Amino acid sequence: MKKLISKMAVSALVASSLVASIAAKAEDTIKIGILHSLSGTMAISETTLKDTMLYLIDEQNKKGGVLGKKLEAVVVDPASNWPLFAEKARELITKDKVVATFGCWTSVSRKSVLPVFEELNSILFYPVQYEGEESSKNIFYTGAAPNQQAIPAVDYLMENEKVQRWVLAGTDYVYPRTTNKILEAYLKAKGVKPDDIMINYTPFGHSDWQTIVADIKKFGSAGKKTAVVSTINGDANVPFYKELGNQGIKATDIPVVAFSVGEEELAGLDTKPLVGHLAAWNYFESVDTPENKDFIAKWQAYTKNPKRTTNDPMEAHVIGFNMWVKAVEKAGTTDPSKVIDAMIGVSVPNLTGGLSTMMPNHHITKPVLIGEIKADGQFNTVWQTPGTVVANEWSPYLEGSKDLIADWRAPLSCGNFNVKTGKCGGKG
Amino acid sequence: MLRRLTLILGLLIGLASLESQPVWADDANIVLKRLATDNYGDIETGITALAASGIASSEAVLNALADSRLSYRPSDKAIFFKDASGQWIDAATNALPSEQPTGLKPVKVNNRVRRALDAALGSMTLLSADPQKRMAAADAVFKSRDATTLVALDSVIAKETDPVVRQHFEEARAAVLILKPDASETDRVGAAEKLGQRGDQDALALLNSVTEANASFVVVAAASLAAKGISRRLALLSTAQNAWYGLSLGSVLLLAAIGLAITFGVMGIINMAHGEMVMLGAYTTFVVQEIIRSKAPSLFDWSLPIAIPLAFCVSALVGLLIERTVIRYLYGRPLETLLATWGVSLMLQQAVRSAFGANNREVGAPSYMAGVWNLNGFQITYGRLWIILFSLAVFLALLGVMRGTSLGLRMRAVIQNRRMAAAMGIRTPVIDALTFALGSGVAGIAGVALSQIDNVSPNLGQSYIIDSFLVVVFGGVGNLWGTLLGALSLGLANKFLEPIAGAVLGKIILLAVIILFIQRRPRGLFALKGRAVEQ
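Going line by line, the protein sequences match chains G and Y. At position 51 of the first sequence (counting the first as 1) the number is 950 in my numbering, and the numbers step up by one without a gap. At position 374 of the second sequence (counting the first as 1) the number is 377 in my numbering, and the numbers step up by one without a gap.
Below you can see the structure in the form of structure tokens.
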């Protein structure tokens, strides 16, 4: 018995000294997790975001870090593998002791890490436009919700291009399906007949668009102005736009407005046949503001590549990171539970010349920009909301979600509060 | 209305006497200044006013705006355009200014402005001396349906001698008349018939927009009769078009699978790195184009013919290296081969990602691969046509190598009976290496063609590997003809299923059918005796 006790005491001593040494190490720097795929299919989009975060952390350290300590980036590669995202997230929080994580691109990767961040009470900044219908205490959504991208784009086409017939084309997964469901309900509410809406889904990486583009052409020759709303994702876009060019569909006849095509995607394309097709984002590289010019110059100097493009999710990370820094300084600590409370109400300048604010639903306010593709692969902003738009994380156009709101301030502190039943939790 | 007609008449007279006209610099300035703004609506009305003004430089200004070569000086709203030599020309005087202006802002264009531009340029160039330009002008009027051009159209139709151009003019006139509420009934019925003869989607769109609300009963009847005729014709055409799409998809599958037909089909190696050989070929094309762009831009149209042998060499060398360093130790152990080649494929992908970046790379299309060949409504895109021809050429060349050369003879001997071949003095390890290199090289050639239709990214190969195996297994392992037939039938089946079932379900149905087929005939369409069979 005595032996056992002494053994236990020794092991406890060893354990406590180990913990102490880890803690001492953690004191030196503040660790930030970067959870973006650097290999696999999503590497094309996510690698740039990893570089953006490294740049931002570098800039902040030049200014002296946060709370007098330097920041240190911990980069992991979840390799476009959704379950691996959850494992790597757990590793970042428990092993590397990061105080905040910036990461994920696809909705499925976010859904995969969500329980980990909630269980371990850590912070994730998610920088990509997504389908909404979610609000977690531990996630800050710096990308656009559908009403900050899709719905203004449809409004623009309806008012300025007098579009009456709609093709909703998307890749077959959760973001396009939910967005198209919202858009379909919205269009019907606006008086568009079901006959005038064509919905088409294609598999990931679809490369043979001949039939579908011919179908779109046919659908567009019913004597009414037609537009395509594209939620086609990733690699499938290049062959899609190539086929549009091949079959001679010009933007002046059937404009295509895309929600997942930015400067990076256009970099792999000859954009001359695509001039005039549209994209809706909250940021374009071509936006003419001093903040943006300054950011691009510093970013290109940091990457030592004078041609390196910038895009919307990068701006989201810039905003998210600056908000985190401000919230940490406000809270005086990096403790996630305190920072989460301090985040709400924080305002930082965005790159389009306005202020973005973190709202109680953990989404940020953003301006909406509609751009037309130019011959040089950049966008020409043709329309923009007068101010910023507050995100509707729960769409008012969907049954089951229209009665829900999210508000993470005490005393409500709920991500899906039902205003009809007055209870927190669950759909309608 | 009357004012616009007089403007058009004025324009006609103006155009007729263009050469001898003095430059009205002051009047021109007033009209031109309307373009010096950021408001798209103002630019749009400015374009219409400019087109009707008869200013000497208006065509040049509008063309410059269409190519985004037009700028204005915010201080005094003077308009300048860049000429071919890159110098700014003052639009008001249509001459070189005394000194080159600075601080210019470009006049921005959006879709509305672009439409107004097309319409304005169309009505301005109806009288052009170049029949191609006249035809383009007629097509622009067909789209804009600008009623003010009617007088001009009537006069040019009377004068036109080229029957093809006249046909386009008459169609443009019909497009204007069919939806013009105050046109006479006979004119509108005639227009419906004319559009019925044109018989394409655009004509159908126009005819479909004729309703009781905007036309009399007789006109609506004539329009719907013509529309029915067009729909019938288009239904027939769409079957032919589907067959063409199927053929084109089949040729892409054939290209992707043909290298695998050698390495997997003939040698029996489960080569998961096959897709990466295709990718290396595509990246070789990219590198060749980059060098040509920077060193000799005039050779751009030759970039693909130059890339083909290089892509073959690059992929064949990498293939040879893989065979010598990895695969030769694993002959007869399919599971280990599968894992090893899969590892190699990941390494190659990451190597390319590190060397070229994760982003897509732009591979341009040479001029002969761009554009559409319109055969009476049946559309053939040149790019696809070339790919079909190219895939058949690669297939025949490979067949020729296997049948007609001594290397091919040795390959077949080793495949049919390795021991006997070795006993006859054939060095089987050398033949194995060369066969693998040949298969990889052919995959590299396929990459050159696929770079024209797909993303040139490190993931290029992955999207084709499953389809390639499907084609080879379905066609019959070890038989090149089987691969050809397998690729074409899969392509056709896919394209006929897609309009009915949708892209996602169509693919699932096709996979289910293939599984059933393989159950009935495990060796595919054509079964061959060879090493793969013995094992």
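We put the beta carbon where it would ideally sit given N, CA and C, even for glycine. Remember, predicted model here, so these are calculated numbers, not experimental data.
When the options are compared against residue i, the one with the closest alpha-carbon
i, options, result
"D1275 of chain G", "G:A1135, G:E1164, G:V1112 and G:L966", "G:E1164"
"V1156 of chain G", "G:P1295, G:G1069 and G:K1237", "G:G1069"
"I309 of chain Y", "Y:L250, Y:P369, Y:A358 and Y:I261", "Y:P369"
"S492 of chain Y", "Y:L388, Y:F477 and Y:P502", "Y:F477"
"N1210 of chain G", "G:G1270, G:T1264, G:V1247 and G:I1050", "G:G1270"
"S251 of chain Y", "G:K1149, G:Y1100, G:G1175 and G:T1110", "G:T1110"
"S101 of chain Y", "Y:I92, Y:K108 and Y:L107", "Y:I92"
"S1294 of chain G", "G:N1317, G:A1309 and G:T1284", "G:N1317"
"S454 of chain Y", "Y:A496, Y:K298, Y:I311 and Y:A426", "Y:I311"
"A98 of chain Y", "Y:K162, Y:A59, Y:S126 and Y:A123", "Y:A59"
"S219 of chain Y", "Y:A424, Y:T48 and Y:P184", "Y:P184"
"E971 of chain G", "G:L983, G:K1301, G:M952 and G:M1257", "G:M952"
"D1245 of chain G", "G:P1235, G:I1218, G:G1252 and G:S1236", "A quick correction: the sequence has Val, not Asp, at residue 1245 of chain G. Ranking G:P1235, G:I1218, G:G1252 and G:S1236 by Cα distance to V1245 of chain G puts G:I1218 first."
"L437 of chain Y", "Y:L323, Y:E188, Y:T152 and Y:N113", "Y:L323"
"L508 of chain Y", "G:Y1100, G:P1310 and G:D1095", "G:Y1100"
Buried versus exposed, by CB contacts within 10 Å (16 or more), residue i
i, result
"F381 of chain Y", "exposed"
"Q90 of chain Y", "exposed"
"G386 of chain Y", "buried"
"R201 of chain Y", "buried"
"D1134 of chain G", "buried"
"S88 of chain Y", "exposed"
"W376 of chain Y", "exposed"
"L239 of chain Y", "exposed"
"L1177 of chain G", "buried"
Check: residue i C-beta below 8 Å from any heavy atom of the ligand NAD
i, result
"D142 of chain Y", "Looking at this structure, you won't find the ligand NAD or any other ligand, since it has none at all."
Simplified DSSP assignment, three categories, for residue i
i, result
"A224 of chain Y", "helix"
"A530 of chain Y", "coil"
"H935 of chain G", "coil"
"D121 of chain Y", "helix"
"I2 of chain Y", "Residue numbering for chain Y in the displayed model covers 4 to 538; residue 2 of chain Y lies beyond these limits and cannot be assessed."
"E1298 of chain G", "coil"
"H1262 of chain G", "strand"
"P2 of chain Y", "In the structure as shown, chain Y starts at 4 and stops at 538, and residue 2 of chain Y therefore has no counterpart that could be examined."
"T96 of chain Y", "coil"
"S251 of chain Y", "helix"
"N1315 of chain G", "strand"
"M1097 of chain G", "strand"
"A999 of chain G", "strand"
"G1324 of chain G", "coil"
Beta-carbon contacts of residue i that lie in its chain and below 6 Å, excluding the five residues immediately before and after
i, result
"C1313 of chain G", "C1323"
"Q1146 of chain G", "V1112"
"V404 of chain Y", "G411"
"A530 of chain Y", "G479"
"A69 of chain Y", "L120"
"N274 of chain Y", "T266, F267 and T344"
Contact under 9 Å by Cβ, residue i with residue j
i, j, result
"G253 of chain Y", "S306 of chain Y", "no"
"Q1277 of chain G", "F1158 of chain G", "no"
"W1065 of chain G", "V1128 of chain G", "yes"
"L1023 of chain G", "T1233 of chain G", "no"
"A314 of chain Y", "G450 of chain Y", "yes"
"A1126 of chain G", "I1153 of chain G", "yes"
"R356 of chain Y", "A942 of chain G", "yes"
"V168 of chain Y", "P134 of chain Y", "yes"
"L80 of chain Y", "A139 of chain Y", "Looking at the sequence shown, residue 80 of chain Y is not Leu but Lys. It is not a contact, given that the beta carbons lie outside the stated cut-off."
"M1258 of chain G", "T1041 of chain G", "no"
"E1030 of chain G", "T1077 of chain G", "yes"
Close beta carbons around residue i, own chain, < 7 Å, minus the five adjacent residues each side
i, result
"R72 of chain Y", "F84 and K85"
"K108 of chain Y", "S74, Y75 and P77"
"L18 of chain Y", "In this prediction, L18 of chain Y has a pLDDT of 48, which is less than 50 and means its spatial position is unreliable; what the coordinates show is noted afterwards. Closer than 7 Å at Cβ, skipping near neighbours: L130."
Own chain, CB closer than 8 Å to residue i, minus 5 neighbours either side, in chain order
i, result
"K987 of chain G", "L934, V975, D976 and P977"
"S212 of chain Y", "L182"
"A343 of chain Y", "V329, I330 and L333"
"Q292 of chain Y", "F303, S306, A310, V366 and G367"
Test: residue i CB closer than 9 Å to a CB of chain A
i, result
"G1042 of chain G", "Note that chain A does not occur in the displayed structure, where the protein chains are G and Y."
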